[in-house]
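Numbering (the working numbering), first residue to last: 2 to 204.
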């Protein structure tokens with residue numbers, strides 16, 4: 002809980018540059034260790050190591066047995082939270098980027114100016130989490146359909162960003178919070194380019 006709160010509060014701001022790290026941390030680490038074991042000095046010191054590495058690569062499912070991590074548990078689902086000054090959009094995608102569920106404030110009966118408020122984003126988040134539970138994606142008996150790891154991807158700086166965070170850390174997100182393994186920010190940062198449009202002046 003404390004680590005998740007620190008990760009959510011430590012997201013980059015508008016003035017900082019944010020880079021998304023690769024998801025494949027465990028496979029890349031295993032590949033690095035395999036290259037180290039395959040080096041000439043290691044092979045010379047341990048006879049028969051080359052044959053062992055070749056057999057392990059050719060055997061189906063050998064990587065899962067070596068690491069003790071099932072292929073289904075490595076799959077990372079993404080929860081995209083796009084917030085701007087007029088609305089909030091939440092989308093859940095599979096590891097292959099296909100959409101499982103996508104909702105905005107308009108889907109819960111809010112219209113026009115009501116959709117841009119903090120309360121609207123909080124209600125949307127609570128409704129989204131309840132739908133995930135109703136569809137049995139969190140505790141499905143089928144291992145292929147059960148969600149085990151989620152990456153939360155923020156985009157935009159609307160008020161819905163804070164509303165989603167509060168709902169996730171509150172009672173509404175008690176079933177989703179343990180599944181969050183990574184928090185990132187994909188908000189575009191302008192650097193150079195043509196001159197922006199003049200700021201709109203009201204009043």
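C-beta: ideal position from N, C-alpha, C; glycine also. These figures come from a predicted structure and were not determined experimentally.
Excluding the 5 residues flanking it on each side, residue 102 has same chain C-beta neighbours closer than 6 angstroms at 93, in chain order. The DSSP assignment places no complete run of the alpha helix (DSSP H) inside the stretch 78-114 (cut-off: 4 residues). Bounds of the beta strand (DSSP E) holding residue 186 are 181-186. The beta-carbon separation of residue 128 and residue 109, rounded to 5 angstroms, stays under the 8 angstroms limit for a contact.
Residue burial annotation: residue 199 is exposed, with fewer than 16 other C-beta atoms found within 10 angstroms of its C-beta.
Between residue 130 and residue 174, the C-beta spacing is below 7 angstroms. Counting along the chain, residue 156 sits inside the beta strand (DSSP E) bounded by residues 151-156. When DSSP states are grouped into helix, strand and coil, residue 122 belongs to the helix group. For residue 203, the number of other beta carbons within 10 angstroms of its own is below 16, and it is reported as exposed. Spanning the alpha carbons of residue 121 and residue 192 requires a straight line of approximately 32 angstroms.
Residue 129 sits in a helix when the DSSP states are folded into three classes.
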